[in-house]
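According to full-length UniProt numbering, the sequence shown is numbered sequentially starting from 1.
Note that CB positions come from ideal geometry on N, CA and C, so glycine has one too.
A short worksheet on the structure shown next.
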Amino acid sequence: MVLSNPTGIFTSPCFPNNYPNNQACKWTIRAPSGYIIQITFVDFDIEEASGCTYDHINLDTGDKKDSYCGMTAKGLSFNSSRNEMIVTFTSDFSIQKKGFNATYTRIAVSLKNQKVIIPQYLDSDSVSLANSVQVPDLNQFTLCFEARANNSNNYEWKAFSYGDSSVEFFSFGKTKQGHFIFISDSKCSLNDALNIGPDEDIFTETFEELCIVWDSSSGIVGINVKGMYKTVHCLDTYKKVIPGNGKLVLSSDREDTSPLPGDMYNFRLWNFTMNSQSLFNLTCDEKGNIIDWENDFWSIPTTFLKAENNLSCGSYLVPLPTVEPTSCATTGSLCREIHLKNTSGGLCCTSFQTNSVVQLTGLILNLQVS
Numbered sequence: 001m002v003l004s005n006p007t008g009i010f011t012s013p014c015f016p017n018n019y020p021n022n023q024a025c026k027w028t029i030r031a032p033s034g035y036i037i038q039i040t041f042v043d044f045d046i047e048e049a050s051g052c053t054y055d056h057i058n059l060d061t062g063d064k065k066d067s068y069c070g071m072t073a074k075g076l077s078f079n080s081s082r083n084e085m086i087v088t089f090t091s092d093f094s095i096q097k098k099g100f101n102a103t104y105t106r107i108a109v110s111l112k113n114q115k116v117i118i119p120q121y122l123d124s125d126s127v128s129l130a131n132s133v134q135v136p137d138l139n140q141f142t143l144c145f146e147a148r149a150n151n152s153n154n155y156e157w158k159a160f161s162y163g164d165s166s167v168e169f170f171s172f173g174k175t176k177q178g179h180f181i182f183i184s185d186s187k188c189s190l191n192d193a194l195n196i197g198p199d200e201d202i203f204t205e206t207f208e209e210l211c212i213v214w215d216s217s218s219g220i221v222g223i224n225v226k227g228m229y230k231t232v233h234c235l236d237t238y239k240k241v242i243p244g245n246g247k248l249v250l251s252s253d254r255e256d257t258s259p260l261p262g263d264m265y266n267f268r269l270w271n272f273t274m275n276s277q278s279l280f281n282l283t284c285d286e287k288g289n290i291i292d293w294e295n296d297f298w299s300i301p302t303t304f305l306k307a308e309n310n311l312s313c314g315s316y317l318v319p320l321p322t323v324e325p326t327s328c329a330t331t332g333s334l335c336r337e338i339h340l341k342n343t344s345g346g347l348c349c350t351s352f353q354t355n356s357v358v359q360l361t362g363l364i365l366n367l368q369v370s
């Protein structure tokens, strides 16, 4: 049986009663790309034997395969090395035990499946560009990111800041006068391009993508948001250069301005300009050639990361329908009557535990032993 819900529970046949003899059960747990699987054995009691040669659980985590029996796995968690884990349970013709009760969940490992909760205080553990990523001098750029705001009543904030320890080179934010972009000591109002008043906020409680394009040869800044592209003349940025090798933080690194009170996602930077048509056609597969929304580009404490299922460039897996058995006696086609020699156990079907989030089941295949 394939289990593809975000979280769930699966058990050995008839748990919490003893499992029957001569059973072969298999669960394939899958998640979208960019996730791994973690299972935890809440309860575990299987016939013990040297080398687990009789009743046993097999775990295929992708990079290794291990067998467990007795009570060795109780309370333990196991992670897969990929977005799939295969669990098999086998019982022979003799000793029966209580079996196991296991939970599973998916864990996001790719930034494509995670947003950043913007830190609301200055700290050395800020959300920043990795030290291995070097930003070159920029005389033009295209920058795209998504953000949402928790509190639209905050009139002054910065979404990001780039500079060195003493000087800010580049930032985007909002004051009581409206939204602005700061480039090499020049501050330029974006209100005309955004077509909103100074009291309004471009970011609301739902994610909005904003793209900013700048070319020093003209001093023109282009803004693409809500399906519209407009430009403003920022003449003070004419022939300016944004110095390289600075530090980029997704927050404000200045005490006089608060960070954007919200979340950010899919921050990408290119060292060339895109026209309006290119921005309209921009897809998740277009990687920023200077900065991209991938793990290697960032240094982000896990406390500021949160996985979500509805991110625009996240990966998805449509859950497969599962059957909901109500008891050992009413599992219908999930169990077959077996006729075995040298067996001491009676017939029993599979009982599965469910939670309010997901309904789970496993498919039991009966072994015929000669």
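Among the options, nearest to residue i - alpha-carbon criterion
i	options	result
tryptophan 157	Glu255, Met228, Gly75	Glu255
glutamate 84	Lys98, Ile118, Trp27	Trp27
leucine 282	Phe145, Ser161, Asp201, Ser166	Phe145
threonine 303	Ser216, Tyr229, Val116, Pro259	Val116
leucine 122	Phe172, Gly244, Ser258	Ser258
alanine 49	Glu208, Pro261, Thr72, Ser312	Thr72
isoleucine 212	Lys247, Ser278, Leu305, Pro243	Ser278
lysine 174	Lys226, His233, Pro261	Pro261
glutamine 120	Tyr238, Val249, Ser276	Val249
lysine 74	Val42, Ser80, Cys25, Lys65	Val42
cysteine 52	Tyr68, Asn18, Phe44	Tyr68
phenylalanine 44	Thr103, Phe160, Asp215	Thr103
lysine 306	Thr90, Met1, Ile118, Phe89	Ile118
phenylalanine 207	Ser189, Gly197, Leu59, Asp263	Asp263
isoleucine 95	Val127, Asn131, His56, Ala159	His56
asparagine 131	Asp285, Gly62, Asn295	Asn295
phenylalanine 89	Cys25, Gly197, Ser217, Gly288	Cys25
valine 133	Pro198, Lys287, Ser216, Asp292	Asp292
serine 216	Asp236, Asn58, Gln23, Gly70	Asp236
Residues of its chain near residue i, where Cβ-Cβ distance is below 7 Å and the 5 sequence neighbours each way are ignored
i	result
tyrosine 54	Glu47, Asp92
isoleucine 202	His179, Leu194, Ile196, Glu208, Leu210, Val225
Bounding residues of the alpha helix (DSSP H) (the contiguous stretch that carries residue i)
i	result
asparagine 191	191–194
serine 126	No alpha helix (DSSP H) holds serine 126; DSSP gives it neither H nor E.
phenylalanine 267	Not the alpha helix (DSSP H): phenylalanine 267 falls in the beta strand (DSSP E), residues 262–270.
glutamine 38	Unbroken run through glutamine 38 is the beta strand (DSSP E), 35–45; no alpha helix (DSSP H).
Proximity of residue i and residue j at Cβ, strictly below 9 Å
i	j	result
serine 299	leucine 129	yes
leucine 317	serine 4	yes
asparagine 193	valine 221	Residue identity check: residue 193 is alanine in the sequence provided, not asparagine. Against a cut-off of 9 Å, the Cβ pair of valine 221 and alanine 193 comes out as a contact.
proline 6	threonine 105	yes
threonine 273	threonine 142	yes
leucine 311	asparagine 151	no
asparagine 195	glutamine 177	no
serine 276	tyrosine 229	yes
alanine 149	threonine 204	yes
cysteine 313	tyrosine 265	yes
glycine 219	histidine 233	yes
histidine 179	phenylalanine 169	no
valine 135	isoleucine 290	yes
glycine 227	phenylalanine 297	no
aspartate 63	serine 81	yes
Where the beta strand (DSSP E) through residue i begins and ends
i	result
serine 171	168–175
glutamine 96	Looking at the DSSP string, glutamine 96 is not in any beta strand (DSSP E), and its letter there is neither H nor E.
leucine 76	Looking at the DSSP string, leucine 76 is not in any beta strand (DSSP E), and its letter there is neither H nor E.
serine 278	Careful: serine 278 lies outside any beta strand (DSSP E), inside the alpha helix (DSSP H) at 276–280.
serine 4	Element bounds for serine 4: n/a, residue is neither H nor E.
leucine 111	Taken as a continuous stretch (DSSP letters only), leucine 111 belongs to no beta strand (DSSP E), as it is neither H nor E.
glutamine 140	140–149
lysine 67	As written in the sequence, residue 67 is serine, which differs from the lysine given in the question. Per DSSP, serine 67 belongs to the beta strand (DSSP E) from 65–68.
arginine 30	23–30
asparagine 310	Note, asparagine 310: premise wrong, no beta strand (DSSP E); not H, not E.
Own chain residues within Cβ distance below 6 Å of residue i, not counting five before or after
i	result
valine 241	Asp137, Asn139
glutamate 209	Glu146
aspartate 164	Gly246
isoleucine 86	Thr28, Asp60
aspartate 253	Ser161
threonine 40	Ser77, Thr103
tyrosine 155	Lys176
proline 198	Gln177, Gly178
Any non-hydrogen atom of the ligand COA closer than 8 Å to residue i Cβ
i	result
valine 249	For the ligand COA, the structure offers nothing, since it holds no ligand at all.
Chain D within 9 Å of residue i, Cβ atoms only
i	result
glutamate 146	In the displayed structure, chain D is absent; only one protein chain is listed.
Contacts around residue i, its chain only, beta-carbon distance under 8 Å, and the 5 residues preceding and following it disregarded
i	result
serine 315	Pro32, Ser33, Gly34, Tyr35, Ser110, Lys112, Asn113
glutamate 308	Asn113, Gln114, Lys115, Gly314
asparagine 79	Ile36, Ile37, Gln38, Thr61, Ile107
Query raised in the report: Taking one C-beta from the stretch 101–112 and one from the stretch 36–52 each time, how about it: are there three or more such pairs within less than 8 Å?
Result: yes
Query raised in the report: Three or more C-beta pairs closer than 8 Å, one from the stretch 262–272 and one from the stretch 174–187: is that the case here?
Result: no
**Report entry** Stretch pair the stretch 93–102 + the stretch 13–25: three plus CB contacts closer than 8 Å
**Finding:** yes
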